[in-house]
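Chains P and F, in that order, are what the protein sequence lines are. Numbering-wise (this note's numbering), the first sequence opens with residue 76 and increments by one. Numbering-wise (this note's numbering), the second sequence opens with residue 357 and increments by one. Note that CB positions come from ideal geometry on N, CA and C, so glycine has one too. Bear in mind the structure is a predicted one, so any value in this text is a computation, not a measurement. Note sheet for the following structure.
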Amino acid sequence: MTTLPPVSVPEERLDEGPPGRWLGRPTPRLDDEPLLRGSAWFVDDLAPWPGLAEVAIVRAPLAHARLLGVETAAARQMPGVLGVLTGSDLERFLRPLPSVLSEAIPYRPIALDRVRYVGEPVAVVVATDRYRAEDAAEAVELDLDPLPAVPSAHAALDPTLPPLHEGLPNNVASDRTLRYGDPDAAFAQAELVVRARFQQPRSICTPLECFGVLCRTDPVSGDVEAWSNFQGPFSLQVVAAQALGIPPAKLHLRTPEHSGGSFGTKAAVYPLVVLLAACSRALGGRPLKYLEDRREHLMAATAAGERLSEVQAAFSAEGRLLALRLDLVDDVGAYVRAPEPATLYRMHPCLTGAYQVAHLEARCRVVLTNRCPTGLNRGYGGPQLYLALERTMAIAARRLGLDPAELARRNLVPPAAMPYTTASGGRYDSGDYPAVLALALERFDWAGKRARARAARAEGRLVGVGLACVVEPSVSNMGYVDLASPPEVRARRPAKSGNVEGVSLAMLPDGTVQLRTTTTPQGQAHATVLALVVAEALGVDPRQVQVRAGADTAVGPWSISSGNYSSRFAAVAAGAAWQAASALADQLRRLAAQDLGCHPEQVLLADGHARLVDDPERDVPLRRLAGRAHWDPASLPPGVRPGLSLTHHLAIPDLPAPDAQDRANGSATYGFLCDLCEVEVDRGTGRLEILDYLSVHDAGRILHPVLAEGQVHGGLAQGIGMACFEQLAFDPDGQPLSTTFLDYLCPTAPEVPEARTVFVESPSPLTPLGAKGLGEGTTMSAPAALANAVADALEVEEVPFPLTPEALWRVVHGAEG
Amino acid sequence: MTRSIELRVNGTTHRVEVEDRRLLSDCLRHDLGLRGTRVGCEHGVCGACTVRLDGQAVRSCLLFAVQVEGQEIQTVEGLADPEGPLHPLQEAFHRHGALQCGYCTPGFLLTAAQLLDELRAEPNPEPPSEEEIRVLLAGNLCRCTGYGPIVRAVLEQATCAAGADPTEPSGEDRR
């Protein structure tokens, strides 16, 4: 990895960054050992209460049917069975889960009288152990009356197919056209209009650990206590409590310190918390445990929805992108499960990508299909947008006779325009996009590789190069999803905006520091980074900082935006920890000043001591100051609170609710990356080989280079998976065809190349440490960059997606045939 | 049907009552409390539940506990003394940043441990190439890391096990 000097650092940031004793250095992770030895506790390892019974879920075998009856008598008689519960049994404990879009699409965690996707829960079997629960689940008989299925986004647009929900006229749940500037006039002036269509299938990030929930209820108070590997956002905790008809304070949600990956998916755990809580109530408070198996995960957990995109792009003769018209159709499955339809609107502030474009029109349709409800998956709308936008740019370059890199260069937002407000309201906070592109082209030898690919093609080999320029938003504005409703509807509802993160920090009497937050890590080593942040501010060793990043809503601190999503950790969680630790440092300086007989400003905190700046020999150990704050509060100087503890919440400014013109700054901060790749397609087999891949990434200040690189490479592997292998396939009746890892192909070690990563750091002026998110950028860029390289290799404008050997073979041989 | 069996795991003999159909993975995790064996798919593809059976890396989700009576089982807990230092492979995973969520890690460690033991047992071992390491690890899924650091950690340790210096570049294009 290479870390370059900052390309474009706003002057006011230069002196404000952290001193860098710990931050920005490749310190080893502090939280590895329990994982390496196998002693770490994951959700399946927990047994928090005696008498834990295990649950198997009976799921719908048809995509669409009336549920006329559920016969449970035989199952109830089976050995070890403690109860069998159907939707009707649970109805009195459940209200529909609230949705931002429509009350006409009631969503419950268990079907009542109609099933709308294969895998929808229809009954819950509770038994002494999972083996017996599964035995009895097989004995539950369903009486189903099949209905015509809506198995695809195309089918959802067909007005002749019956609506999935009785309260709706058809399967289009939302249809909005949003206009910015004067796109019609811009299209009228255009020298070239490129029009292209794209279809991306469903996919899922498949963490290695499936969903898990342990839950009990108190039969007297109605309180619910649940452990799960939920990942936030904790707005969904509120949604879950509403569905149970209890105040959120009565839903005590906890997560273990370790979660076996999530990548967004485990936001969708919350309906299972609701389901288990209802079952526990129905069984007099019995503690229950449910672990999803892989087949259930691939069939019925969550997914990135199918996306249909049509792009029209208007260009001047010189290749200036004048205006964009987008027609986006997002399949959300059978219900609009919160936070959907956010996949469609997460990228709305970035619809013009990294380019300066004043005129934009976007038609955004949310459609219902007889498939599992969709939800967060790494990239969340980004891979979908950039495949369409960056393929369109490559097609335009070809038609204009320009190098795609040159076309990008002519349109990238210039550094002088920063902070740049996009047509749809995004506020790109910093960066020098053309400099990142130029660096990427040089490091990759773009010109040389492009020429060599052309020469190889002249010899009959199918070699090509591809480029993608991507703006990566992070730290979601909780209000952006309201764009799904028109301004007049929004005006009648309480506004939502911003993104809050909180930490609690305390120094114990022995000088140990404890930090608690609700970032629900799933492998990103939050505990390590937070310990480094606190160590930096307090001048202590990071090993003296104990971090608890698992959630406990009874202890907190948390807010509705807490959790691990929209790549928000580095910007707001690390930022809030930095601010809290700085405030604690101030308290320690005041205490030390009293002992050293000086002003607090003359005190430096380093190596576990408070020292006089001008005379470092005069010092006092921090643990003595800490002891005094706890044991001898009578001695504390003015301004020092007893106990050395504080809770601090941070909200990045400038994240208002969407305005009346549908402009919304959907994220707090925006990074930029430029990916370049070289591929070869095997003419005989259609196999795609990635010969070289370079990602140059500006994510603001890098807090930990090795962990940052891990996020970039991991995101890239998932982008490659999405581009080359992964798709959740369905038959025409809506039966899922990819329900094992033999059918749903994730990339393995031989398929993921050693990519090169370069970080450029232009700090965000808005976040406390200058950091921006970086966990999703390469997931957004890789499908576009690879599709562009394949189009170059095959010398075609239309490329299939995903880029499977079979699909590529058909292109090669269709073209030759 | 339930029967009483003896399982030899990490050098210790355990007597346990299991149903015939009890998966080895469930028995190790829930009957013997060896939770380090993780379960990722229960259909033998992801490799998270990999353990070693008489030295061979196998999927514990595809075996019944009753099938392995009398054989020597090694799980991740048996790689290093819990009170002592990490196994060199574990240490290499730590140094190379080869784990994120850590759920797949025990499976990778045991797959790689077999290779290391085999290399050490050979009279004149040839250090494996990066390509060979990647193919060896193709039976284990990791969704976090993109595999690069795992491959580097295993390559380093395999090179050591073959008696070569891992800091010397091999014929492969190494970083």
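Residues that residue i contacts on chain P, provided the C-beta gap is smaller than 9 Å
i	result
A404 of chain F	L283, E284, G335
8 Å Cβ cut-off: residues of chain F touching residue i
i	result
V827 of chain P	G502, Y503, G504
F816 of chain P	C397, H399, V401, C402, L497
A859 of chain P	Here the premise fails: no neighbours, minimum Cβ distance about 18 Å.
V63 of chain P	Residue 63 of chain P lies beyond the residue range present for chain P, which begins at 76 and ends at 892; the question has no answer from this structure.
C821 of chain P	L497, R499
Chain F contact for residue i (CB, 8 Å cutoff)
i	result
H788 of chain P	yes
F117 of chain P	yes
F834 of chain P	no
F876 of chain P	no
C752 of chain P	no
D557 of chain P	no
R369 of chain P	yes
Short Cβ contact (8 Å threshold) for residue i with residue j
i	j	result
V404 of chain P	R370 of chain P	no
M422 of chain P	G457 of chain P	yes
A224 of chain P	N574 of chain P	no
L540 of chain P	E829 of chain P	The residue asked about is misnamed: residue 540 of chain P is Val in this sequence, not Leu. No, Cβ-Cβ distance for V540 of chain P and E829 of chain P is not below 8 Å.
A376 of chain P	A343 of chain P	yes
V145 of chain P	V215 of chain P	yes
G113 of chain P	P479 of chain F	no
D808 of chain P	P448 of chain P	no
F117 of chain P	R356 of chain P	no
A859 of chain P	R525 of chain P	no
H399 of chain F	F286 of chain P	no
T854 of chain P	R453 of chain P	yes
P825 of chain P	R377 of chain F	no
Residue i: contacting residues in chain P (beta-carbon distance under 7 Å)
i	result
F449 of chain F	L111
L493 of chain F	A824
C460 of chain F	L283
R490 of chain F	A824, P825
R367 of chain F	In the sequence on display, residue 367 of chain F carries Gly and not Arg. Those within 7 Å of G367 of chain F in chain P number zero; the least Cβ separation is about 16 Å.
Min CB distance residue i to chain P below 8 Å
i	result
P438 of chain F	yes
P483 of chain F	no
E433 of chain F	yes
R408 of chain F	no
R531 of chain F	Low local confidence applies: a pLDDT of 37 at R531 of chain F is under 50, so the model's placement there is unreliable, and no value is given.
P444 of chain F	no
V424 of chain F	no
E519 of chain F	In the sequence as displayed, the identity of residue 519 of chain F is Gly instead of Glu. G519 of chain F does not count as touching chain P.
V414 of chain F	no
V374 of chain F	no
Own chain residues within Cβ distance below 7 Å of residue i, not counting five before or after
i	result
Y495 of chain P	V488, Y503
G598 of chain P	G336
R205 of chain P	E129, A131
S381 of chain F	T393, V395, C405, S416, C417
V313 of chain P	P323, I635
8 Å Cβ shell around residue i - same chain, five flanking residues per side excluded
i	result
L110 of chain P	H333
L878 of chain P	L763, A798, C799, L861, A862, V865
Closer than 7 Å at the beta carbon, the chain F residues around residue i
i	result
Q597 of chain P	C457
S114 of chain P	G392
Under 8 Å from the C-beta of residue i: neighbouring residues of chain P
i	result
E474 of chain F	Chain P residues near E474 of chain F: none, gap ~19 Å exceeds 8 Å.
Any non-hydrogen atom of the ligand SAH closer than 7 Å to residue i Cβ
i	result
V620 of chain P	With respect to the ligand SAH, the structure offers nothing, as it holds no ligand at all.
Same chain, Cβ closer than 6 Å to residue i, neighbours up to 5 away in sequence not counted
i	result
E86 of chain P	Interpretation of E86 of chain P is limited by its pLDDT of 31, a score under 50 that renders its predicted location unreliable; the figure taken from the coordinates is listed afterwards. Contacts found: none.
R359 of chain F	none
(request) State whether the segment 548 to 558 of chain P contacts the segment 736 to 749 of chain P, with contact taken as three or more CB pairs (one from each stretch) at a distance under 8 Å. (result) yes
(request) Taking 8 Å as the threshold, find out whether the segment 778 to 785 of chain P comes into contact with the segment 316 to 329 of chain P through three or more Cβ pairs. (result) no
(message) Whether or not the segment 397 to 417 of chain F and the segment 875 to 885 of chain P are in contact is what I'm after, with contact meaning three or more pairs of Cβ atoms, one per stretch, closer than 8 Å; do they touch?
(response) no
(request) Answer yes if the segment 861 to 881 of chain P comes into contact with the segment 783 to 791 of chain P, meaning at least three C-beta pairs across the two stretches below 8 Å, and no otherwise. (result) no
(request) Answer yes if the segment 837 to 855 of chain P comes into contact with the segment 638 to 650 of chain P, meaning at least three C-beta pairs across the two stretches below 8 Å, and no otherwise. (result) yes
(message) Is it the case that the segment 510 to 520 of chain F contacts the segment 475 to 490 of chain F, given that we only count it when at least three CB pairs across the two stretches are under 8 Å?
(response) yes
(message) Quick check: the segment 432 to 452 of chain F against the segment 102 to 109 of chain P, are at least 3 beta-carbon pairs closer than 8 Å?
(response) yes
(message) Is it the case that the segment 588 to 607 of chain P contacts the segment 650 to 658 of chain P, given that we only count it when at least three CB pairs across the two stretches are under 8 Å?
(response) yes
(request) For the segment 597 to 611 of chain P and the segment 454 to 469 of chain F, state whether three or more C-beta atom pairs, one from each stretch, are separated by less than 8 Å. (result) yes
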